[in-house]
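Chemist: Sharing a structure below in structure tokens format, with a few things to ask.
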Amino acid sequence: MTPAITLSDLTCVHERHPAVHHLSGRFAPGCLTAVVGPNGAGKTTLLRAIAGLHTAHEGRVDRGGLSCDRIGLLPQASALDRGFPVTCRDVVAMGAWGRMGAFRALPADAAERVGAALRSVGLAGFERRLAGSLSAGQFQRVLFARLMLQDAPVLLLDEPFTAVDARTAADLLKLIHRWHGEGRSVIAVLHDLDLVAREFPETLLLARDPIAWGPTVATLSAANRLRARLVAEAWAERPELCRDAA
Amino acid sequence: MPGRRLITAILFDPFAMGFMRRALAGCFALSIAAPPLGVFLVLRRMSLTSDVLQHGILPGIALGAAAAGLSLWAMGLGGFVAGLAVTLLAGWLTRATGGREDSQLAGVYLIALALGVAIISAQRGMDLTHLLFGSVLAVDDAALLLMAGVASAAVLGLAVIWRPLVLESFDPGFMQAVGGRGGVYHLAFLALVVLCVVGGFTALGTLMSVGLMMLPAVAARHWAAELPGQVRAAVALALVASYGGLVLSFHTDIPAGPAIVLTAGGLWLASLAAGPRESLARSWLHRPHYVG
């Protein structure tokens, strides 16, 4: 059962400078929402706040009773150590952490599910390959396979198609639609607006301040995109205090 | 056949003596327990931590001896506490300096070593050389018990934390996201490392004990690509180094610690030169490539 995720007046800061500024709204159960906006717009911070990895400075994230470890997050540039000598099978099996934890046995169907997940991202037979020997695009697909093992009702994808060729992107997109079809919520940070317009029914346009949130066509209007572009990337030298602060 | 008798005399006769057998048993136990931890230290880029450790346990051992006489357990406990303290201090310095910790760490272990030597020199009846470099004669029944007990605890401990430790080493961000407590396993891992280094101090000496952990682990990457293979290779190399080092020590009067570490060092250089993976020989050898 996928719950809705509701943001109420959410503000997230880095050293008191807002990355997400007074954002309110609701990701409906089973939504397929793109998050777009310029660099530094707070997209990654928003995903991390939803996943419970970034504490809200003000306002709150209501996950509808879903615990944070049931939210699948595909980070943009993971801090993971590709040089660590683990096989693809082990990486994908880590997705079952929620069911096995540190000490319980690997679920009986794990081997089978790892194989199936690798097949569905087009990496059949890669079980014994070392993660460090893969190309960036292949490794991204392994992370998608790990996400499948997580079996999470809410999936957060941070620029999932970076460094991925067109065919792989199409394959991964199919996977995203499959997750959507299974009733999971998918929230993806993306830069390719054509892709967003084609594939994502709902879009949130962020530029630190929320610019628009709703059906993709209306959200990505020329006027909205212009407003988003005008947001200064740099922090103000001597910023004033936000008057809406609690 | 005189040749065979000579080989027997060199390789096996030393172990006709009880103290050599005890030392061998103890070193074998540590060879099984310590190198797997070393493999994780190497892969987590924490080799510097082992440097800190080898210097840091000495003042603890010295204080233990000063407080309770030459009791092995007091010295071991003191070494364990001091080792854990400097390791945590090193970890904190790494975070506080954003990875530019080397100068601070050098400061830490210089002070620790000097402090240890100072405390020991103030005591009567303690042999500094034995403490620093080890002595097979020091491996009595109590010391063997300490080595074997520590090794057993370390092997079991590593088996218990293996999965979370692998995940925490490979992808700490994911571990945090799925609600795993990475810091706990990191601490448990460090405790096992300190335990093993302290366990080896009677036979190998405080300065050399880390060598049996690190050198086989560094050499292991020339023998296997995957983590389990590297662990097996490191243990095998450590067993060979323990045996060869004790034989060397017996025939040449080199203390056991340096003899074992030199043997392990020789194995590492040999692996680097001609091991089956990523060795110099492999990079010079031009072998035909595959079609797919």
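Chains H and E are the protein sequences, given in the same order.
So for the first sequence, our numbering puts the first residue at 12; every next one is plus one.
So for the second sequence, our numbering puts the first residue at 664; every next one is plus one.
Where a beta carbon is used, it is the ideal one built from N, C-alpha and C, also for glycine.
(1) Indicate the three-state DSSP secondary structure (helix, strand or coil) for Thr13(H) in the structure shown.
(2) Ser815(E): which of Cys690(E), Arg844(E), Ala801(E) sits nearest, CA to CA?
(3) Where DSSP assigns a beta bridge to Pro226(H), which residues make up the other side?
(4) Please identify, using Cβ separations under 8 Å, the residues of the region 170-186 of chain H that lie next to chain E, in order along the chain.
(5) So within the region 126-213 of chain H, which uninterrupted beta strand (DSSP E) runs reach at least 3 residues, ignoring any that extend past its ends?
(6) In the DSSP output, what is Thr36(H) paired with across the bridge?
(7) Taking the alpha-carbon of Leu773(E) as reference, which of Ala887(E), Gly723(E), Thr792(E), His718(E) has the nearest alpha-carbon?
(8) Suppose the cutoff is 6 Å on Cβ atoms and the five residues either side in sequence are ignored; what does the same chain contact list for Ile783(E) look like?
(9) With 16 other CB atoms within 10 Å as the buried threshold, where does Thr671(E) fall?
(10) With Asp714(E) as the anchor, note down where its alpha helix (DSSP H) starts and where it stops.
(11) Going by beta carbon distance, what residues of the same chain come within less than 6 Å of Leu1(H), once the five residues before and after it are set aside?
(12) My output table needs one value for Gly701(E): the three-state DSSP class, helix, strand or coil.
(13) Taking 8 Å as the threshold (C-beta atoms), are Gly83(H) and Val165(H) in contact?
(14) For the alpha helix (DSSP H) containing Val799(E), list its first residue and its last residue.
(15) Classify Thr915(E) as buried or exposed, calling it buried when 16 or more other Cβ atoms lie within 10 Å of its own Cβ.
(16) Could you name the residues of chain B that Ala113(H) contacts, counting a contact when the two beta carbons are closer than 8 Å?
(17) Who are the near neighbours of Leu117(H) in its chain, counting only those whose CB is closer than 8 Å to its CB and skipping five residues on each side?
(18) So Thr926(E) is in the alpha helix (DSSP H); what residue range does that whole segment cover?
(19) Can you tell me which residues form a DSSP beta bridge with Leu773(E)?
(20) Please confirm if Ala128(H) has its CB atom under 8 Å from at least one CB of chain E.
(21) With burial defined as no fewer than 16 other Cβ atoms inside 10 Å of the residue's Cβ, what is the status of Ser35(H): buried or exposed?
(22) Ala62(H) versus chain E: which residues are under 8 Å apart at the beta carbon?
(23) With distances taken between CB atoms, is the gap from Gly732(E) to Val861(E) smaller than 8 Å?
(24) Which residue from Thr22(H), Cys42(H), Val46(H) puts its Cα closest to that of His202(H)?
(25) Determine the contact status of Leu58(H) and Asp169(H), defining contact as a CB-CB distance below 8 Å.
(26) Name the chain E residues whose beta carbon is nearer than 7 Å to that of Pro86(H)?
(27) Which word fits Ser832(E), buried or exposed, when buried means at least 16 other C-beta atoms lie within 10 angstroms of its C-beta?
(28) Excluding the five sequence neighbours on either side, which residues of its own chain have a C-beta within less than 8 Å of the C-beta of His25(H), listed in chain order?
(29) Name the DSSP bridge partner or partners of Ile82(H)?
(30) Could you compute how far the alpha carbon of Gly666(E) sits from the alpha carbon of His952(E)?
(31) How many Å lie between Leu909(E) and Val813(E) at the Cα?
(32) Would you mind stating whether Ala128(H) and Gly148(H) have Cβ atoms separated by less than 8 Å?
(33) Could you tell me the distance, in whole angstroms, from the CA atom of Ala177(H) to the CA atom of Asp255(H)?
(34) Against chain E, does Pro96(H) count as a neighbour if the rule is that its beta carbon must be under 8 Å from one of theirs?
(35) Counting along the chain, where does the beta strand (DSSP E) carrying Thr757(E) start and finish?
(36) Roughly how many angstroms separate the alpha carbons of Thr869(E) and Ala882(E), rounded to a whole number?
Modeler: According to the structure shown:
(1) coil
(2) Cys690(E)
(3) Glu213(H)
(4) none
(5) 165-169, 196-200
(6) In the sequence as displayed, the identity of residue 36(H) is Gly instead of Thr. Bridge partners of Gly36(H): Leu18(H).
(7) His718(E)
(8) Ala725, Met789, Leu791
(9) exposed
(10) 710-731
(11) The shown model of chain H, from 12 to 257, leaves out residue 1(H), and the question about it has no answer.
(12) helix
(13) yes
(14) Counting along the chain, Val799(E) falls outside any alpha helix (DSSP H), and DSSP gives it neither H nor E.
(15) exposed
(16) Checking the listed chains, one finds no chain B in this structure; the protein chains it contains are H and E.
(17) Ala104, Ala107, Met111
(18) 919-937
(19) DSSP lists no partner for Leu773(E).
(20) no
(21) exposed
(22) Ala840
(23) no
(24) Val46(H)
(25) yes
(26) Gly836
(27) buried
(28) Thr56
(29) Val165(H)
(30) 45 Å
(31) 20 Å
(32) no
(33) 44 Å
(34) yes
(35) First-last for Thr757(E): 735-759, but that is the alpha helix (DSSP H), not the beta strand (DSSP E).
(36) 22 Å
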